[in-house]
Amino acid sequence: MSIQAATPQINATVTASAGSGKTWMLVTRILRLLLEGAEPGSILALTFTRKAAAEMQQRLSERLYQLATVDNTELTQLLKELDLDTHYALKARNLYEAHQYCDYPVRTLTFHSFCQDLLARFPLEADIPPGFDLLESADLLIQQARNALYSEATLDMQGELACHLEQLMRLSGGLFNLDRVLNSFLQHRSDWWAYTDDNEIESSVDYARQQLAQKLELDTDQLDAAQHYNAFFSTRTIEQLKSYAKLLALNPTKTNLQKADRLTCCLAADEPGEHTFTEVQACFIKKDGNAYALKDTPTLRKKLGDDSADTLLELHELIPARIFSTQNILKKIHTYQLNQHWFYCGEKFIEHYQTLKRQQRLLDFTDLEWRSYKLLQNSENALWIQYKLDQQIQHLLIDEFQDTNPTQWQLILPLLEEMAAAESEKQRSVFLVGDEKQSIYSFRRAKPELQLQATNWLHQHLNARAFPLNKSWRSSPAIIHLVNAVFQQDQFKLTLPAFEEHHTHLEQLPGKVEALPLWHMSDMGEKTDGIYCRNPLKQPRPEIPGIHQKEAQQIAQHIKQLIHNKTPITQGSKTRAINYNDIYILLRKRAHVADYERAFREAGIAYLGTNRGTFLSCLEIQDMLALLSTLLTPFNNLALAQVLKSPLFSATDDDLQLIAAVDNGNWFERISQLAENLDKTHPIHRAAHYLAQWHALTDRIPVHDLLDRIFSDADVPGRYQRCTPEPLQARVAANLTLFLEMALDLDSGRYPSLMHFLLYLRSLQNTQNDAPDEAPMETREPRVKIMTIHASKGLEAPVVYLADTISTTRDKSSLSTLIDWPVEDRRPAHFQLIASARQQDDFTARLNQLHKNAQQKEDANLLYVAITRARQYLFISGCQPDKGPFTNWYQPVFTALQSLTGNQDDEHLSYQFAEPNTINAALDDTHEKENMDNFEIDPGLSRIIDKQKTQHIKTAQTTLSPSYADKQLNYHSQGNKETDEDAQQRGIAIHRLLELVISDSSHLDSELFKSSTLQRVANEMQIEISPQLEDWYGIALQNIQHPRLKHIFRPDNAVHVYNECPIQYLKNNSLVYGVIDRLIVNENDVIVVDYKTHSGAHSDNLKELSQNYPQQMQLYSDGISELWPDKRIKAYLLFTECMELFQMI
């Protein structure tokens, strides 16, 4: 890495490839600035996300703390890494304290935060309301603006707006497309403002129309299509068409005769127009837009003669050319008419949207950028504001510059120009970091070409130097070799022409790249016929696994194999076994994410999904919405039925039929009638009891308090947890908690009624971008992370699966916004709406092709980002669609593997660099533990505390070791020799299963409960679900259901019952502590039970086995007698193998 880029005395632009340490370099630059005496408040670092800004600030604090706390030897080494000598040691020591107590610290902001601060300082100059609020979610406001636009149009159905809207809807193809093109205009409003800003024509719409007509080379006086039809059907053209028809009939093939008749009939019309043109066009132009071919053959010349054949061939070239020319003119007219209506309606739409924000004193992110741009570029006070900022910003650093959009560049440019014009004796600096290969956010208006433009500008005006960083600190040579082999292929030389060969600092890190077998549609077998006229109440829709689900199942099995093989993961000097946290599944889009999630659930793999905006669609949230709807409208029988069937009450179909059989009243009234004759534990009785209470509270307490009461009364989280498969329990619990929080957080809990709360949630559900996401799962359990490549930007993982690498593509340019903004210009050169593919004129098609070329480049960038997320292992998978067109990432990776391995024959290839390291760290080491390795504890907390004499209640292992057992107790049968590890695993499993099964004995016969319980225990113990684990589940179940043990597991009159009860007390000045497996407190006595899971226990050897435990049980009993001195204590050992109690006391 070139440390010269961090030198404060030079301006620098850094092109940093993935994993090459750009953030380290940027923070190093800030450190160097501080060490050279720069004021912290004069340093401004900009990036694009809050997460990146926070990470930058955190890394700066960590490195300042490191400089302040290391010993002198380490400090000297750290200064050497910064290219500094020991003269800076004292200043380096003091920087951390100075940074912590500085009035104006180093600022690490997002672009939008910088704009927000700027506008807050100059609200009057920017013409915005002082004390404005930031609008982060705009969908609801956009919907209100759209409603206002339509309302204005309906007030005057013959008015200008109504006419424009009607024509725009007709030309765009319906109401859905109308909303689509209006949304597109609003999303590009800053481009529209820039395009029409400071023009000589007062009306922005008129200016845009005029510019479009000039670009289309269209005379606005000739927009009537009839003029061009008449021009086409000139006397000369009609004669040529008639001649063509006659000559065509002389070569009497079936097709020629049909065309000749068609031409003759259509030319007979008195006034040829659009219909005639369409008929003529069909005779010369195919449906794909190309002209029919007419070959010069001997047969043709034999039938027509040379002169007639020459005439026919000449006419066959001449007439289609005229058709194409007329078509292009008509398409230009269509483009112009479509856009003139779009300009007018879009401008009105923006006006309504801006008015709504202004009334509420709101600014959105686009406003922040545009208002800041106008403030620094065009306002009357621009020079003064630039001067004020220039005095405060002496050092500007920008991260991820490839994600900059044109507005942001124009916003930064005045600051750079001011720096370039400032006095040379002032120490000023600029530092830009980016990588065009990682630009993947064009949908956010990112323009990667701006990085080269900025580099050239800084070199020209500030003598900046360019530094490339292509050596990775992240990836194994296996990954880097693949990157080079892929992007040096011919197909990427056009899309990534500036790609340079990559290298890595981790030259000894083992790694592997593997292409998993590609799935083809032929692998799916024959398609089964669909079921028609099925009864959906009796016959479910058949679920046929799709090709993406097959691919997902393959990935799931491959992951389980990696876990089973304890694949080594090396981090620094440690090598440990892989866990689920180490694995990312990267997808290009979310279209098939449900297939991958389903496959992981079926395989028992814990995962974090990538669903967006699905919170309100989750079953548990739908149940909550149905419950609130029932409380608000008790006559809503369907909502009540959903609530009854939900885990809240767990009613069966028979229960619902019982309600339906009642003759009078709605269902809410019927359950009250039925409850009088039902047991208190019956679901209908419970529902009637609680729903009546909650309904009475509906209008008396706030929504949040009502939900809190419901969660408490019905034990909502617990009930859902018990009815949910183990992999989904954390997600369900998090969603329920988030729903409870939403009632308080939304508008600070000021909703006056339950109805308003429900209406708000339903309005969120109908918005595209504001619908809330599912809550992040708060769990320490390792989980595979499924995410899009865009979401993975800036992240890394030891193991990456790049899935769905072959995906179908379609042209999405129809009815999209086309903007041409040259990087050297201050405004866009062109702004228009693209018509449908069949209506695109040649000018639009040329610009659109340039846009498609840019999209191809971004697609290559996306592949680059995906591959470079991997640290050690990269696995590529895909499924081949049966229809095209499609983009194929699998093939270039496979070709690269063929090149790296020299294997051109096999269909399954893998490339491995170095042998995996030997595991030398604990299996359960986590990232959190590793991050604590270098954490220094305060010396005051490290003082040794005087040791207190303690006595631990000795609990024998859940089963004794075989050698000890054979020698001492001899309880094992000849064929049942367990190892210590096996016995311990058996004991832990049976203890845990007893605890889980006892806690929910109402679902013992449920297969879902069994499978979720087994999966939960398997995950906790990091073992597979095996027949042995199922046998242990059976032992637990048999003990709980055994009649002799009813007073232990199902006591009738117990006052209190405790499982895994900790006990701790002092005896003879010694601390005694332990855990009692089961404690039953009755009216007159207390029963202490300790489980013993010896696999060889039977009724004949219980006395012998119990000889090791008298002291343990006595200590338990002594402790319990301290708590209940007036009760008789009974202590038992329960031998789970033979389901027998052995009384010890």
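With this note's numbering as the guide, the letters of the sequence shown map in order to residues 32 to 1176.
No residue lacks a Cβ here, since even glycine has one placed at the ideal position from N, Cα and C.
Output yes or no for whether 9 Å exceeds the beta carbon distance between residue i and residue j.
| i | j | result |
| --- | --- | --- |
| residue 219 | residue 699 | no |
| residue 1076 | residue 1084 | no |
| residue 420 | residue 157 | no |
| residue 820 | residue 885 | no |
| residue 1066 | residue 1021 | yes |
| residue 182 | residue 84 | no |
| residue 1168 | residue 1129 | yes |
| residue 817 | residue 641 | yes |
| residue 268 | residue 367 | no |
| residue 871 | residue 879 | yes |
| residue 1156 | residue 1111 | no |
| residue 294 | residue 275 | yes |
| residue 542 | residue 506 | yes |
| residue 1096 | residue 1103 | yes |
| residue 833 | residue 908 | yes |
| residue 826 | residue 900 | yes |
| residue 72 | residue 469 | no |
| residue 533 | residue 48 | yes |
Who are residue i's beta bridge partners in DSSP?
| i | result |
| --- | --- |
| residue 816 | 615, 639 |
| residue 1112 | 1087, 1117 |
| residue 863 | 849 |
| residue 52 | The partner list for residue 52 (beta bridge, DSSP) is empty, contrary to what the question assumes. |
| residue 685 | DSSP output for residue 685 lists no bridge partner at all. |
| residue 72 | Bridge partners of residue 72: none, in fact. |
| residue 1105 | 1094 |
| residue 1159 | 1116 |
| residue 91 | Answer by DSSP bridge pairing: none, since residue 91 is not bridged. |
| residue 551 | 911 |
| residue 1047 | Answer is none; residue 1047 lacks a bridge partner. |
How close, in whole Å, do the beta carbons of residue i and residue j come, if the pair is a contact with beta carbons under 8 Å?
| i | j | result |
| --- | --- | --- |
| residue 751 | residue 767 | 6 Å |
| residue 481 | residue 42 | Not really, about 17 Å apart at Cβ, beyond 8 Å. |
| residue 632 | residue 580 | Residue 632 to residue 580, Cβ: 12 Å. No contact. |
| residue 426 | residue 74 | 5 Å |
| residue 866 | residue 842 | Going by Cβ atoms, the distance from residue 866 to residue 842 rounds to 12 Å, so no, they are not a contact pair. |
| residue 495 | residue 44 | 6 Å |
| residue 113 | residue 62 | 6 Å |
| residue 98 | residue 126 | 6 Å |
Which word fits residue i, buried or exposed, when buried means at least 16 other C-beta atoms lie within 10 angstroms of its C-beta?
| i | result |
| --- | --- |
| residue 1098 | exposed |
| residue 221 | buried |
| residue 1101 | exposed |
| residue 693 | exposed |
| residue 153 | buried |
| residue 1002 | Only weak support exists for where residue 1002 lies, its pLDDT of 37 falling under 50; the value from the coordinates is given anyway. Buried. |
| residue 133 | exposed |
| residue 163 | buried |
| residue 578 | buried |
| residue 321 | exposed |
| residue 354 | buried |
| residue 906 | buried |
| residue 991 | Note on residue 991: pLDDT 24, under 50, position unreliable in the model; no value is reported. |
| residue 1163 | buried |
Check for me: the alpha helix (DSSP H) holding residue i runs from which residue to which?
| i | result |
| --- | --- |
| residue 445 | 437-452 |
| residue 1167 | That residue, residue 1167, is in no alpha helix (DSSP H); it is neither H nor E in DSSP. |
| residue 144 | 142-152 |
| residue 878 | 873-898 |
| residue 216 | 206-218 |
Which residues mark the beginning and the end of the beta strand (DSSP E) in which residue i is found?
| i | result |
| --- | --- |
| residue 294 | Taken as a continuous stretch (DSSP letters only), residue 294 belongs to no beta strand (DSSP E), being part of the alpha helix (DSSP H) at 285-297. |
| residue 460 | 460-465 |
| residue 101 | Note, residue 101: premise wrong, no beta strand (DSSP E); not H, not E. |
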